[in-house]
Each structure stands twice: as C-alpha cells, then as structure tokens.
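Peer 1:
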Amino acid sequence: MTVLEKPPMTLLDQIGGQDSVDAAVDAFYVRVLADDRINGFFKINMDVQAAKQKRFLGKVLAGTAKDPDGYMRAAHKKLVEEDGLNDGHFDAVAEHLQAALESLGVEGDVLNQIMTAIGGLRKPMLNQ
Ligand code: HEM
C-alpha cells in the first residue's frame, strides 16, 4: 500500500461503526426474546448479554476478534450438552440477526459477508 492509498474498509466501517452494531444488537434481542423457539435459553441478565454481544460482534466485524471459535465453543458448550442447543436454534438466531441488520438498512454484499462470517461460527458454537 502506498501512502496515498486508504486502508481497506472493514465490515464494521461499512455498516457505520460500533454505534450501528449496538443498534443492531438491541433490535436483535428484542426479536430473540419474542421468539418462543429460542427465548427459553435467555433466562439471564440481558443487559450484560447485550453488552457482551456488542463487544464480540464489533470485534468480529473489525476482524480483531481473538480466537472467536474457541470463545463461541466455550460460551455455548453447556447449552449444547445440557440444554439441547442445536442447528435449528442457530438458524433462528441468525434469522433475527439478519432481520435486525436489514432493519438498519444493511443489505447486499455487506449483509452477505456479515452473515457468512456469522455462519462460520455455527460449528464451534454447536461444539462440533
Ligand atoms: C452466531 C451466533 C451466536 C453468537 C455470535 C453468540 C454470541 C454469544 C456471546 C458473545 C455470548 C457471551 C459469552 C460470555 O459470557 O462471554 C453468548 C452467550 C450465550 N449465548 Fe450465544 N451466540 C450465538 C448463538 C446463540 C444461540 C443460537 C443461542 C440459543 C438459542 C445462544 C444463547 C446464549 C446464551 C443463553 C448465552 C449465555 C450463556 C451463559 O451466560 O452461561 N447463543 N453468546
């Protein structure tokens, strides 16, 4: 890269930065908690959960998350082993994340790239 070239825009830049992630995560959890397929998993402090999710997704989209697979595996291992967390639950969560992003105007190639990155977390999240 010469001095005249700009560094590449990350996905985080392309959706408008951390403020957009924060708004998307808030919209996402409204949807998740309204969905009887999955809301039974979230008998936890949702302010804390949303803060963790904002931090994590921000790093994933910036490309700075350290060992995201290992983190996802550890965070959901007990849910898989004891509470039956499965592909159907993952699909529902991914659906709500996509809808939340779309509600903020994220679309096209950027949306596809984000959902591909999230899809890459499926196997570790399911401890596979
Ligand atoms: C790619 C999809 C997902 C991402 C990016 C994600 C992200 C996260 C993050 C960042 C945490 C916090 C871990 C920590 O404590 O530091 C977490 C915990 C949690 N996730 Fe997920 N998650 C995903 C899918 C799911 C699904 C499908 C469910 C259930 C339907 C779920 C339920 C939970 C629950 C209940 C916790 C709290 C666990 C605890 O506090 O013991 N997650 N997730």
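Take the sequence shown: its letters are residues 1249 to 1376, numbered as in this note's numbering. Think of the CB as a built atom: it goes at the ideal place given N, C-alpha and C, for glycine as much as any other residue.
My understanding is that Val1273 touches Lys1314, with C-beta atoms under 8 Å, so please give their C-beta distance in whole angstroms.
Peer 2: Locating residue 1273 in the sequence shown gives position 25, where the first residue counts as 1. Locating residue 1314 in the sequence shown gives position 66, where the first residue counts as 1. So it is not a contact: roughly 20 Å between Cβ atoms.
Peer 1: For Val1341 versus Val1278, is the C-beta spacing smaller than 8 Å?
Peer 2: Within the sequence shown, residue 1341 is the residue found at index 93, counting from 1. Within the sequence shown, residue 1278 is the residue found at index 30, counting from 1. No, these two residues do not count as a Cβ contact at 8 Å.
Peer 1: Measure the alpha-carbon distance for Asp1404 versus Leu1309 and round it to whole angstroms.
Peer 2: This structure leaves residue 1404 out entirely; the chain is present only between 1249 and 1376.
Peer 1: For Met1294 and Phe1338, which I take to be in contact (beta-carbon distance under 8 Å), what is that distance rounded to the nearest angstrom?
Peer 2: Residue mapping note: residue 1294 aligns to position 46 of the sequence shown, counting from 1. Residue mapping note: residue 1338 aligns to position 90 of the sequence shown, counting from 1. With a Cβ gap of about 19 Å, Met1294 and Phe1338 do not count as contacting.
Peer 1: Within 10 angstroms of the Cβ of Leu1369, are there 16 or more other Cβ atoms? Answer buried if so, exposed if not.
Peer 2: Against the sequence shown, residue 1369 aligns to sequence position 121. Buried is the call here.
Peer 1: Going by beta-carbon coordinates alone, are Phe1230 and Leu1327 separated by less than 8 Å?
Peer 2: Because residue 1230 is not part of the residues shown, which for the chain are 1249 to 1376, the question remains open.
Peer 1: Is the Cβ-Cβ distance between Gln1361 and Leu1259 less than 8 Å?
Peer 2: Here residue 1361 corresponds to residue number 113 of the sequence shown, with the count starting at 1. Here residue 1259 corresponds to residue number 11 of the sequence shown, with the count starting at 1. Going by C-beta atoms, Gln1361 is nearer than 8 Å to Leu1259.
Peer 1: The ligand HEM and Met1320: does any heavy atom of the ligand fall closer than 7 Å to the residue's C-beta?
Peer 2: Within the sequence shown, the letter at position 72 stands for residue 1320. Answer for Met1320: yes, Cβ within range of the ligand HEM.
Peer 1: Find out if the Cβ-Cβ distance for the pair Phe1276, Ala1323 is shorter than 8 Å.
Peer 2: To locate residue 1276, count along the sequence shown from 1; it is residue 28. To locate residue 1323, count along the sequence shown from 1; it is residue 75. No, the Cβ-Cβ distance between Phe1276 and Ala1323 is not below 8 Å.
Peer 1: Examine the ligand HEM and report whether any of its heavy atoms sits within less than 7 Å of the Cβ of Gln1376.
Peer 2: Taking the first residue of the sequence shown as 1, we reach residue 1376 at position 128. The answer is no for Gln1376.
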